[in-house]
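The structure appears below as structure tokens.
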Amino acid sequence: MNISQSAADYLQEIKIKMEKAAESASLTAAQKQKSYGDYFSKRSSVKNFSIGEQVVLLIPDSSNKIYARWTGPGEIIQHHPPHSYKVKLPDGTVRHVHVNKIRKYHPRALAVGVIFEDDHEFGDIHPTPNLSRSTSERVLHETDLNHLKETEREQVLAILLKHRTLFTSDVKIAKVGAHRIRLKPNIERKKPFLYRIPESLKIKVDEQIEELLRLDLIEESDAEVAYPIVCVNKKDEKHHNIASPNIEIRHDNNMA
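Residue numbers (full-length UniProt numbering): 1 to 256.
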């Protein structure tokens with residue numbers, strides 16, 4: 001600063017210098033930002049997400065800014081080509097995130113636990129009955145009607161033939177009213193206990209799931225919440241140990 005220069009003149013000179021510096025920076029800022037972005041995206045893997053898709057983000061932890069963890073699930077709300085997305089998190093905040101810090105969200109499917117028929121910890125258990133596969137023709141053939149008169153046998157056989165689709169071992173959907181579970185307001189569902197799948201039951205569990213899918217009794221779901229399966233260890237007619245699957249919803253009962 002020149003001693004003979006007034007304070008006003010000095011501030012004016014500083015202002016002019018800062019304006020020139022800002023103008024020079026603006027001429028190269030866009031180019032530099034593009035070069036920085038291209039360098040950061042050079043090793044980016046090819047990832048494409050759809051609007052509305054569930055994802056998780058690698059963002060700094062709220063308690064430690066230098067520590068990052070996967071957070072979510074969030075929802076893709078906007079794509080900023082070529083390598084970034086806007087993601088809405090469960091708390092309502094929106095983050096503009098590079099694709100390198102985004103992963104597809106896979107809902108956790110809980111595993112299987114095993115209990116025995118005489119256990120009481122889970123309350124009253126109603127396992128799926130174990131029925132051998134049969135057909136309506138087999139039922140008609142094995143039905144003993146010798147104690148009836150001929151006219152009565154004809155009447156019973158006519159009824160059995162009329163409703164022969166009911167006399168099979170295939171489980172069918174019951175045509176009853178729907179049941180709706182109303183949860184208490186402002187209650188956050190706690191993370192349920194994770195059961196491990198015993199190696200000896202993995203094949204059997206997969207077989208029963210495939211059977212239920214074939215019968216249209218269950219359907220595939222990508223819901224965020226998955227209920228654990230509890231297998232009831234019981235005996236079949238040949239006294240072999242088998243596993244009957246049941247759904248555990250005790251935690252939801254506490255919130256309803």
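Think of the CB as a built atom: it goes at the ideal place given N, C-alpha and C, for glycine as much as any other residue.
Because the structure is a prediction, the values reported are computed rather than measured.
So, are the CB atoms of residue i and residue j less than 8 Å apart?
| i | j | result |
| --- | --- | --- |
| I76 | V87 | yes |
| H102 | L166 | Per the sequence shown, the amino acid found at residue 102 is Ile instead of His. No, the pair does not count as a contact, with Cβ atoms beyond the cut-off. |
| L217 | I181 | no |
| Q54 | Y105 | yes |
| L160 | T143 | yes |
| K47 | V99 | yes |
| E145 | R138 | Looking at the sequence shown, residue 145 is not Glu but Leu. Result no, Cβ atoms of L145 and R138 do not sit closer than 8 Å. |
May I ask you to report which of helix, strand or coil DSSP gives residue i?
| i | result |
| --- | --- |
| Y105 | coil |
| T93 | coil |
| M18 | helix |
| R180 | coil |
| H147 | coil |
| E220 | coil |
| I173 | coil |
| H163 | coil |
| L110 | For L110, the predicted structure reports a pLDDT of 49, less than 50, and the residue's modelled location is therefore unreliable. A value from the coordinates is still provided. The answer is coil: DSSP assigns L110 none of H, G, I, E or B. |
| L131 | Here L131 scores only 47 on pLDDT, less than 50, and its place in the model is too uncertain to base an answer on. |
Just reading off the alpha helix (DSSP H) that residue i is part of, what are its end residues?
| i | result |
| --- | --- |
| K202 | 199 to 214 |
| K47 | Taken as a continuous stretch (DSSP letters only), K47 belongs to no alpha helix (DSSP H), as it is neither H nor E. |
Which two residues bound the contiguous beta strand (DSSP E) that contains residue i?
| i | result |
| --- | --- |
| K86 | 84 to 88 |
| L58 | 54 to 61 |
Spatial neighbours of residue i within its chain, please: C-beta separation below 6 Å, excluding the five flanking residues on both sides.
| i | result |
| --- | --- |
| Q12 | none |
| E79 | The residue you asked about is not Glu; residue 79 is His in the sequence shown. Contacts found: Y85. |
| K15 | none |
Looking only at its own chain, which residues have a Cβ that is under 7 Å from the Cβ of residue i, when we skip the five neighbours before and after it?
| i | result |
| --- | --- |
| V97 | L57, S84, Y85, V87 |
| S50 | I76 |
| A22 | none |
Just to confirm my understanding: we take residue i, look at its own chain, exclude 5 residues before and 5 after, and list those with CB closer than 8 Å. What are they?
| i | result |
| --- | --- |
| R69 | L58, I59, D61 |
| I66 | P60 |
| P90 | G72, P73, G74 |
| E150 | none |
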